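Engineer: Questions regarding the structure given below will be posed in turn.
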Amino acid sequence: MQPISRRLFLLSAAAASACSSSKVKGPLARAAAYLWSQQAGDGGFHSATYGLLRSGQSLTPFALDVLLDVPEAVFSRPAGAVERTLAFIRKNTNKDGALGMMDDAAADYPNYATALAVAALVKARPEGLDKELKPMIAYLRAQQFSEDNGWKPGDPAYGGWGMGGPVHKPPFAGHVDLSMTRSVLEALRASGIAASDPAITRSLVYLKRSQNPDGGFYFSAVNAEINKAGEADGNFLSYGTATADGLLALRAAGVPASDKRIADAAAWLKDHHRQDSVPGFAEDSPRKSWSSGLRFYYAGVVSRAAPELPVMLPQQNQDGSFRNSNNLVKEDDPLIATPFAILALLNAR
Numbered sequence: 191m192q193p194i195s196r197r198l199f200l201l202s203a204a205a206a207s208a209c210s211s212s213k214v215k216g217p218l219a220r221a222a223a224y225l226w227s228q229q230a231g232d233g234g235f236h237s238a239t240y241g242l243l244r245s246g247q248s249l250t251p252f253a254l255d256v257l258l259d260v261p262e263a264v265f266s267r268p269a270g271a272v273e274r275t276l277a278f279i280r281k282n283t284n285k286d287g288a289l290g291m292m293d294d295a296a297a298d299y300p301n302y303a304t305a306l307a308v309a310a311l312v313k314a315r316p317e318g319l320d321k322e323l324k325p326m327i328a329y330l331r332a333q334q335f336s337e338d339n340g341w342k343p344g345d346p347a348y349g350g351w352g353m354g355g356p357v358h359k360p361p362f363a364g365h366v367d368l369s370m371t372r373s374v375l376e377a378l379r380a381s382g383i384a385a386s387d388p389a390i391t392r393s394l395v396y397l398k399r400s401q402n403p404d405g406g407f408y409f410s411a412v413n414a415e416i417n418k419a420g421e422a423d424g425n426f427l428s429y430g431t432a433t434a435d436g437l438l439a440l441r442a443a444g445v446p447a448s449d450k451r452i453a454d455a456a457a458w459l460k461d462h463h464r465q466d467s468v469p470g471f472a473e474d475s476p477r478k479s480w481s482s483g484l485r486f487y488y489a490g491v492v493s494r495a496a497p498e499l500p501v502m503l504p505q506q507n508q509d510g511s512f513r514n515s516n517n518l519v520k521e522d523d524p525l526i527a528t529p530f531a532i533l534a535l536l537n538a539r
């Protein structure tokens, strides 16, 4: 298959997936229209596919953060929709500043949810923004694996962030990964925190630990089993989603574009990139299915990390949504796949 430019892909996708009966034209506008149509009466976005995501605490800021990037000239936001979404986020943020802790059954990715809520609030800029962000930022700071929680620079988790909830003390780190860490870093920086802040400089320890000599990244320096590409000769293998996350995290941490860490990560993506699947998984690997299971996540993050690299999305559904037939990471839920597709389409413009 010949590589195609982002502009050509956008045009071809529009021709292939436009619904003749719809007044909304173009894949980006149709995806935005679909996503807004899924807003519930309480202002939230609730999964109908996965029980853990039914509360909407993590899906709602995820959807809003992406939808706020869609230009009004492409799709005009429904009247009052943003305000209803913000009201949902406020209602579900606890006294400690955490979003994702209001369901008695299970936590809903609180660090991820809170970080995305911060990013969305900064974009929406409601009145009293600084006051609203203060407890959320304090919560995210307290969640870092740092000296304040008993962790030392030599600990694998040091400088990173995990799922959130109760603070972990040594030696039990729980789940720690690069995606959570990147999301929190981007939120902290979006809120105005400087690159010289201790929370940011500590994160560089975790990011260094997560980058391989080949320039690529792996997902977790703590939990071997969640590194999707596995390991060889005692080293975790680099792969596309982790490397795009790593590159974005380095930028969020204030690492200059001229830095070797940035250049090496960008070179890994350029050398290994695939338009329609996640690189880093050999064709004969028993882990090959992850290359399609993470397809929408990769399209979304690589379009931000390296917008010059073309991506191809599966055909858009008639209702404007996107879905992955592979359910390994819940991308068969259109409320997960569609926001990632919107990110890719936004960067194709």
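Per our numbering, the sequence shown starts with residue 191, numbered consecutively. Glycine is no exception: its CB is placed at the ideal position from the N, C-alpha and C atoms. Note that the structure is a prediction, hence the values are computed from the model and not measured.
One question on the structure: do Thr304 and Leu330 come within less than 8 Å of each other, judged by their Cβ atoms?
Structural biologist: Yes; because the gap between Cβ atoms is below 8 Å, this pair is in contact.
Engineer: If distances are taken between C-alpha atoms only, which option among Ala307, Glu322, Ala496 comes closest to Thr433?
Structural biologist: When each option's Cα is compared against that of Thr433, the closest is Ala496.
Engineer: Can you check which of these residues, Ala314, Tyr299, Glu262, is closest to Ala277 by C-alpha distance?
Structural biologist: For the residues Ala314, Tyr299, Glu262, the minimum Cα distance to Ala277 belongs to Ala314.
Engineer: Quick one: what's got a C-beta closer than 6 Å to Ala380's C-beta in the same chain, skipping five residues either side?
Structural biologist: Cβ within range, chain order: Ala309, Val312.
Engineer: Can you give me the start and stop residues for the alpha helix (DSSP H) that Ala223 sits inside?
Structural biologist: Unbroken alpha helix (DSSP H) run through Ala223: 217 to 227.
Engineer: My understanding is that Leu499 touches Ala489, with C-beta atoms under 8 Å, so please give their C-beta distance in whole angstroms.
Structural biologist: About 10 Å; that fails the 8 Å criterion.
Engineer: Keeping to the same chain, check which residues put their C-beta closer than 7 Å to that of Thr431; ignore five residues upstream and five downstream.
Structural biologist: Excluding residues within five positions, the ones whose Cβ falls inside 7 Å are Val468, Leu484, Tyr487, Tyr488, Val491.
Engineer: In the DSSP assignment, find the alpha helix (DSSP H) that holds Phe530 and state where it starts and stops.
Structural biologist: Element bounds for Phe530: 524 to 536.
Engineer: Below 7 Å CB to CB, which residues in the same chain sit around Trp458 once its five sequence neighbours on both sides are set aside?
Structural biologist: Closer than 7 Å at the Cβ level, and outside the excluded window around Trp458, lie Asp404, Gly405, Gly406, Ser428, Thr433.
Engineer: Give every residue of the same chain whose Cβ lies closer than 7 Å to the Cβ of Ala439, excluding the five residues on either side of it in the sequence, and list them in chain order.
Structural biologist: Cβ neighbours of Ala439 beyond the five flanking positions: Leu368, Thr371, Arg372, Leu375, Leu397.
Engineer: Name the two residues that bound the continuous alpha helix (DSSP H) containing Pro261.
Structural biologist: Careful: Pro261 lies outside any alpha helix (DSSP H) and carries neither H nor E.
Engineer: Apply the 10 Å Cβ neighbour rule to Leu525 and answer buried if 16 or more other Cβ atoms are within range, or exposed otherwise.
Structural biologist: Buried.
Engineer: Return the CA-CA distance between Gly246 and Thr283, expressed in angstroms with no decimal places.
Structural biologist: About 12 Å.
Engineer: With a cut-off of 8 Å on the beta carbons, I'd call Ser410 and Val366 a contact; round off their distance for me.
Structural biologist: Ser410 to Val366, Cβ: 6 Å. Contact.
Engineer: Is it the case that the Cβ atoms of Ala271 and Ile532 are separated by a distance below 8 Å?
Structural biologist: Their beta carbons are not under 8 Å apart, which means Ala271 does not touch Ile532 by this criterion.
Engineer: Measure the beta-carbon distance from Val395 to Gly340 and round it to whole angstroms, keeping in mind my assumption that it falls under 8 Å.
Structural biologist: With a Cβ gap of about 15 Å, Val395 and Gly340 do not count as contacting.
Engineer: Taking the alpha carbon of Arg267 as the point to measure from, which residue in Ser386, Pro476, Ala219, Arg441 has its own alpha carbon closest?
Structural biologist: Of the listed residues, the one whose Cα sits closest to Arg267 is Ala219.
Engineer: Using a threshold of 8 Å, state whether the C-beta atoms of Gly382 and Asn301 are closer than that.
Structural biologist: Result no, Cβ atoms of Gly382 and Asn301 do not sit closer than 8 Å.
Engineer: What residue from Arg274, His236, Tyr408, Lys359 has the CA that sits closest to Lys418's CA?
Structural biologist: Comparing Cα positions, the closest option is Tyr408.
Engineer: With 16 as the cutoff for other CB atoms within 10 Å, does Asp259 come out buried or exposed?
Structural biologist: It is exposed - the Cβ of Asp259 has fewer than 16 other Cβ atoms within 10 Å.
Engineer: Buried or exposed: which applies to Arg539, given that a residue is buried once 16 or more other Cβ atoms fall within 10 Å of its Cβ?
Structural biologist: Looking at its Cβ environment, which holds fewer than 16 other Cβ atoms inside 10 Å, Arg539 is exposed.
Engineer: Nearest to Leu518 by alpha carbon, out of Ile416, Gly318, Ala223, Arg399?
Structural biologist: Cα-wise, what sits closest to Leu518 is Ile416.
Engineer: Report the partner residues of Gly352 according to the DSSP bridge assignment.
Structural biologist: Partner(s): Val366.
Engineer: Label Asn425 either buried or exposed according to how many other C-beta atoms from any shown protein chain fall within 10 Å of its C-beta, with 16 as the threshold for buried.
Structural biologist: By the 10 Å Cβ count, Asn425 comes out exposed.
Engineer: Note down the Cα distance separating Gly234 from Ser393, rounded to an integer number of angstroms.
Structural biologist: So the alpha carbons of these two residues sit roughly 31 Å apart.
Engineer: Going by DSSP in three states, Leu289 sits in which element: helix, strand or coil?
Structural biologist: In this structure, Leu289 counts as strand in the three-state DSSP scheme.
Engineer: Span of the alpha helix (DSSP H) holding Phe486?
Structural biologist: Counting along the chain, the alpha helix (DSSP H) containing Phe486 begins and ends at 485 to 495.
Engineer: So, under 8 Å CB-CB, Trp226 and Leu257 are touching, yes? Tell me the CB distance rounded to an integer number of Å.
Structural biologist: Indeed they touch by this definition, with Cβ atoms about 7 Å apart.
Engineer: Quick check on the DSSP output: the alpha helix (DSSP H) that includes Asp454 runs from which residue to which?
Structural biologist: Its alpha helix (DSSP H) spans residues 450 to 462.
Engineer: Starting from the C-beta of Ser482, find all residues in its chain whose C-beta is less than 7 Å away, skip the five residues before and the five after it, and write them out in chain order.
Structural biologist: Counting only Cβ-Cβ distances below 7 Å, and skipping sequence neighbours, we find Ser467, Asn516.
Engineer: Please determine, among Asp523, Leu249, Gly241, the residue with the shortest C-alpha to C-alpha distance to Asp294.
Structural biologist: Checking every option, the nearest Cα to that of Asp294 belongs to Gly241.
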